[in-house]
Amino acid sequence: MTAIVPPTGSITASTATPWRRIKSAMATTGIVGSLFLALVPLVLIIGYVISRGWSLMATSEWFTGSIPILTRAAGPGMRPAIIGTLMITGAATAMAVPLGVLGGVFLSEYSGGSRFGRVVRFFAEVMTGVPSIVMGIFIATIWVAANGFSAFAGALALGCLMLPVIIRTSDEMLRLVPRELRESAYALGGRKAGTILRVVLPAAAPGIISGALLAVARAAGETAPLLFTIGFVNDTNTSLFSGNNTALSVQIFKNATQVYPGSQERAWAAALTLIAIVFVFTILSRLVSTFLGRKHQS
Amino acid sequence: MTTTLEAPALSGSQRPPGRLLDRTFRGVVLFAGALVLIILALIAGTMVNKAMPIFRSEGLGYFTHDVWDPAHAKFGTLAFTFGTVVVSSLALLLAVPVSIGIALFTTEVAPPWLRKPVTYLVDLLAAVPSVVYGLWGILVLAPALPGFYDNIHSVVGGVPILGTLFSGDPISGRSFMTAGVILAIMITPIVTSIARETFTTVPQSLKDAAHALGATRWEMIRAAVIPHSRSGLVAGILVGLGRALGETIAVALVIGSSPQISAKLFSSGDALAAVIANQFGEATGNTRPALIGMAVVLFLVTLVVGVLARGYVARAERRTGGAV
Numbered sequence: 004m005t006a007i008v009p010p011t012g013s014i015t016a017s018t019a020t021p022w023r024r025i026k027s028a029m030a031t032t033g034i035v036g037s038l039f040l041a042l043v044p045l046v047l048i049i050g051y052v053i054s055r056g057w058s059l060m061a062t063s064e065w066f067t068g069s070i071p072i073l074t075r076a077a078g079p080g081m082r083p084a085i086i087g088t089l090m091i092t093g094a095a096t097a098m099a100v101p102l103g104v105l106g107g108v109f110l111s112e113y114s115g116g117s118r119f120g121r122v123v124r125f126f127a128e129v130m131t132g133v134p135s136i137v138m139g140i141f142i143a144t145i146w147v148a149a150n151g152f153s154a155f156a157g158a159l160a161l162g163c164l165m166l167p168v169i170i171r172t173s174d175e176m177l178r179l180v181p182r183e184l185r186e187s188a189y190a191l192g193g194r195k196a197g198t199i200l201r202v203v204l205p206a207a208a209p210g211i212i213s214g215a216l217l218a219v220a221r222a223a224g225e226t227a228p229l230l231f232t233i234g235f236v237n238d239t240n241t242s243l244f245s246g247n248n249t250a251l252s253v254q255i256f257k258n259a260t261q262v263y264p265g266s267q268e269r270a271w272a273a274a275l276t277l278i279a280i281v282f283v284f285t286i287l288s289r290l291v292s293t294f295l296g297r298k299h300q301s
Numbered sequence: 043m044t045t046t047l048e049a050p051a052l053s054g055s056q057r058p059p060g061r062l063l064d065r066t067f068r069g070v071v072l073f074a075g076a077l078v079l080i081i082l083a084l085i086a087g088t089m090v091n092k093a094m095p096i097f098r099s100e101g102l103g104y105f106t107h108d109v110w111d112p113a114h115a116k117f118g119t120l121a122f123t124f125g126t127v128v129v130s131s132l133a134l135l136l137a138v139p140v141s142i143g144i145a146l147f148t149t150e151v152a153p154p155w156l157r158k159p160v161t162y163l164v165d166l167l168a169a170v171p172s173v174v175y176g177l178w179g180i181l182v183l184a185p186a187l188p189g190f191y192d193n194i195h196s197v198v199g200g201v202p203i204l205g206t207l208f209s210g211d212p213i214s215g216r217s218f219m220t221a222g223v224i225l226a227i228m229i230t231p232i233v234t235s236i237a238r239e240t241f242t243t244v245p246q247s248l249k250d251a252a253h254a255l256g257a258t259r260w261e262m263i264r265a266a267v268i269p270h271s272r273s274g275l276v277a278g279i280l281v282g283l284g285r286a287l288g289e290t291i292a293v294a295l296v297i298g299s300s301p302q303i304s305a306k307l308f309s310s311g312d313a314l315a316a317v318i319a320n321q322f323g324e325a326t327g328n329t330r331p332a333l334i335g336m337a338v339v340l341f342l343v344t345l346v347v348g349v350l351a352r353g354y355v356a357r358a359e360r361r362t363g364g365a366v
């Protein structure tokens, strides 16, 4: 009973009734419209952050001065927070990236499909969904309660957030390395650890580095894990392990709720600085995966 | 061709140093892998332990009472839970259709050269820190919304249910709805990327078959793409839900911080993660355990959502042979 459609010209056009074609056109409009709906806030947010934050951030005191003690005071000074953000994110990276890569090695090279390996892989994935405020409260109760506020405490919280992300990317990237590469190394007399360190990891490095840079970018923008772990200061504190510290994200949060134009302006300029840092890492991540990745494939 | 060449046992005795390195390395990576479980166990253990006093003294009332008044030792969290549920639902309602639309655009509609740039642009939304969304929300979006809310209210005000939903106290613009809108923007990239990856696993033969039967693009999407992607889409929605439930800073800035259970979406409220962020710093006495208790609730709920999401991802992978 099926009518055979003669293969003439454009089949879609000849068989679809006008109403069906209109419906499809409406759907296409909706699909294109949803993209614009998402891009409007992106353009608005970036536009506002640049236009409101630029004039203050363009001053040199922004990068050299302390934060005004009076919140209602206008003017620059964000050096303590810039240093704090870089220091805390750096320390978190130094802890989470090596451990995360090793965790990925465990999953991809050692545990294989063992039950324990599957459990770890499962919970690593689940752990990426743990809210950042929970990590902050966790470190506040387990570390800060005994040792006090410090940049290191903030780094611990950020590190806990980054760890499962790095484990997952490393695992995925290592599993993409062809088995033949490992077998050649074994055939040449390589042992397992040496093969992984000198052959498998270098082959997966572009993907892992790219994923790690993305994790760094996300960690640098986090606020909730730092609120109750690093404390608050107005002057630069370069000590990682002792004394209160501050970060750009925390400064934005505190200044955003003030009614004074001066502190609101500082919040915008801090937001611009933070977005610049985050975007640099995001773009680096893209560059690494595009260029290094391509070189390895060919 | 399935022979695996693990570290050959016969060479073991010949090279003791290599063997030692092998063993040490194995131990180190085992520890790194187990660290995930150790940290999760520590989170659950310490936080439940610290929150225990409040669970003991308040009992079930901690979850079912809606009065939060630390000064008078009243620790009911129902209003915060309500706020979290309302705001997350609003975010999903707004973000899921848009995300599916963008994913369909990149996989089915856009010309190939446009796909990567669009993906990068949408991913940029994910790169913006949540505190920046909050800053924009509190200083730009919230002040602009009361007029907009007034307009909506004047249009649907007479309609029974809609009239109640779209009403409230619109003076500051900080409300459930504002928080829902900001959250929707924030979870759009992750839902989009999971939906997109799911759509790319739909076999070309299915789409060709639909077209060959005379289907328009929309009919092809409904008949071939969507049914094939159902598990992946549910996984994407669940991951988005997990993000929305746990998002703290942006919500803390725009929700208005006045806990109440109200069907009026334009009125101020509060949410679990937001109240922790706003009050933990100054919390004393029993308030601290009460706030840690909320973190425990958030942890467990997002864990369950994560496990469910993982289940649907596994289902989608079985169906499509990976790639999600």
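Listed in order, the protein sequences are those of chains A and B. My numbering applies: residue 4 is where the first sequence begins, and numbers increase by one. My numbering applies: residue 43 is where the second sequence begins, and numbers increase by one. For every residue, glycine included, the Cβ atom is placed at its ideal position computed from N, Cα and C.
Practice item. Pick helix, strand or coil for A:F66, following the three-state DSSP scheme. Key: DSSP places A:F66 in the helix class (H, G or I) of the three-state scheme.
Check your understanding: Can you tell which of B:V223, B:S217, B:S247 and B:L255 has the C-alpha that lies nearest to the C-alpha of B:S299?
Key -> Ranking B:V223, B:S217, B:S247 and B:L255 by CA distance to the CA of B:S299 puts B:S217 first.
Check your understanding: Would you say A:T226 faces chain B, with C-beta separation under 7 angstroms as the test?
Key -> Against chain B, the CB of A:T226 has a partner CB under 7 angstroms away; the residue lies at that interface.
Practice item. Would you please state the rounded distance, in angstroms, between the beta carbons of A:I170 and B:V78? I believe it to be under 8 angstroms. Key: 7 angstroms
Check your understanding: Tell me which same chain residues have a C-beta within less than 6 angstroms of the C-beta of A:L287, skipping the five on either side of it?
Key -> L216
Exercise for review: Output the distance between the C-alpha atoms of A:G304 and A:S252, rounded to the nearest integer angstrom.
Suggested key: What the structure shows of chain A is the stretch from 4 to 301, and residue 304 of chain A is not part of that stretch, so it cannot be assessed.
Check your understanding: Do B:P301 and B:F122 have their C-beta atoms closer together than 7 angstroms?
Key -> yes
Check your understanding: Got a sec, what are the start and stop residues for the alpha helix (DSSP H) B:K249 sits in?
Key -> Q246 to A254
Practice item. Answer with yes or no whether the minimum CB distance from A:S308 to chain B is below 7 angstroms. Key: The first residue shown for chain A is 4 and the last is 301, placing residue 308 of chain A beyond what the model contains.
Review point. Once you ignore the five residues that flank A:V291 on each side, which residues in its own chain have a CB closer than 8 angstroms to its CB?
Key: P209, I212, S213 and L216
Check your understanding: So with Cβ pairs under 7 angstroms, would you call A:T176 a contact of chain B?
Key -> The sequence as given places Met at residue 176 of chain A; Thr does not occur at that position. Output row for A:M176: interface = no.
Check your understanding: B:A292: which of B:I334, B:V346, B:H270 and B:M219 sits nearest, CA to CA?
Key -> B:M219 is the residue among B:I334, B:V346, B:H270 and B:M219 whose C-alpha sits nearest the C-alpha of B:A292.
Review point. Using the C-alpha atoms, what's the distance from B:L295 back to B:A337?
Key: Straight-line spacing of the CA atoms in B:A337 and B:L295 works out to 18 angstroms.
Review point. Quick one: does B:L63 have its CB under 7 angstroms from some CB of chain A?
Key: yes
Check your understanding: Using a beta-carbon distance cut-off of less than 8 angstroms, what residues from the region 157-170 of chain A approach chain B?
Key -> Of all residues in the region 157-170 of chain A, C163, L166, P167 and I170 have a Cβ within less than 8 angstroms of some Cβ in chain B.
**Study point:** Near-chain A residues of the region 276-291 of chain B (beta-carbon distance less than 8 angstroms), N- to C-terminal order
**Key:** V281, G284, R285, L287, G288, E289, T290 and I291
Check your understanding: Can you list the residues of chain A that B:K397 reaches, using a CB-CB cut of under 7 angstroms?
Key -> Absent from the model: residue 397 of chain B. The displayed extent of chain B is 43 to 366, so no value can be given.
Point to revise | Distance, B:A226 Cα to A:T293 Cα | key: In a straight line, the C-alpha of A:T293 is about 30 angstroms away from that of B:A226.
Practice item. List the residues of chain B that A:M130 touches, going by C-beta distances under 7 angstroms, in chain order. Key: V78 and L82
Review point. Where A:I136 and A:L184 are concerned, what is the direct C-alpha to C-alpha distance, given to the nearest angstrom?
Key: 42 angstroms
Exercise for review: Per DSSP, which residues does B:F117 bridge with? Please list them.
Suggested key: B:W110
Exercise for review: For the alpha helix (DSSP H) holding B:S310, just list the boundary residues, first then last.
Suggested key: Here B:S310 belongs to no alpha helix (DSSP H), and DSSP marks it neither H nor E.
Review point. Comparing alpha-carbon positions, which option in B:E324, B:I303, B:L72 and B:G143 lies nearest A:G36?
Key: B:G143
Point to revise | Classification of B:T119 by the beta-carbon crowding that lies within 10 angstroms, buried from 16 upward | key: buried
Exercise for review: Spell out whether any CB of chain B is found under 7 angstroms from the CB atom of A:K195.
Suggested key: Yes, contact with chain B.
Review point. At a Cβ cut of 7 angstroms, what residues of the region 229-258 of chain A count as close to chain B, listed as they run along the chain?
Key: L230, F231, S252, I255 and F256
Exercise for review: Within the region 126-157 of chain A, note down every full alpha helix (DSSP H) run reaching 4 residues or more, in order along the chain.
Suggested key: 135-142
Check your understanding: Can you tell me whether B:L135 is buried or exposed, with buried defined as 16 or more other CB within 10 angstroms of its CB?
Key -> Classification of B:L135: exposed, given that the 10 Å Cβ count is below 16.
Point to revise | Contact set between the region 261-283 of chain A and chain B, restricted to residues whose Cβ is under 8 angstroms from the partner | key: Q267, A270, W271, A274, L277, I278, V281 and F282
Check your understanding: What whole-angstrom Cβ distance do B:G282 and B:A137 have, given they're in contact under 8 angstroms?
Key -> 6 angstroms
Review point. What three-state label does DSSP hand A:Q261 in the structure shown?
Key: DSSP places A:Q261 in the coil class of the three-state scheme, outside both helix and strand.
Point to revise | Within chain B, partners of A:L110 - CB distance below 7 angstroms | key: G75
Exercise for review: List the residues of chain B that A:S114 touches, going by C-beta distances under 8 angstroms, in chain order.
Suggested key: The answer, in chain order, is G75.
Check your understanding: Would A:P44 count as contacting chain B if we go by Cβ distances under 7 angstroms?
Key -> yes
Point to revise | Beta-carbon contacts of A:T249 that lie in its chain and below 6 angstroms, excluding the five residues immediately before and after | key: P83, A84, G87, F235 and V236
Review point. Using a C-beta to C-beta distance shorter than 9 angstroms, which residues of chain B count as neighbours of A:F294?
Key: Residues of chain B passing the Cβ test: none, with the nearest at roughly 15 angstroms.
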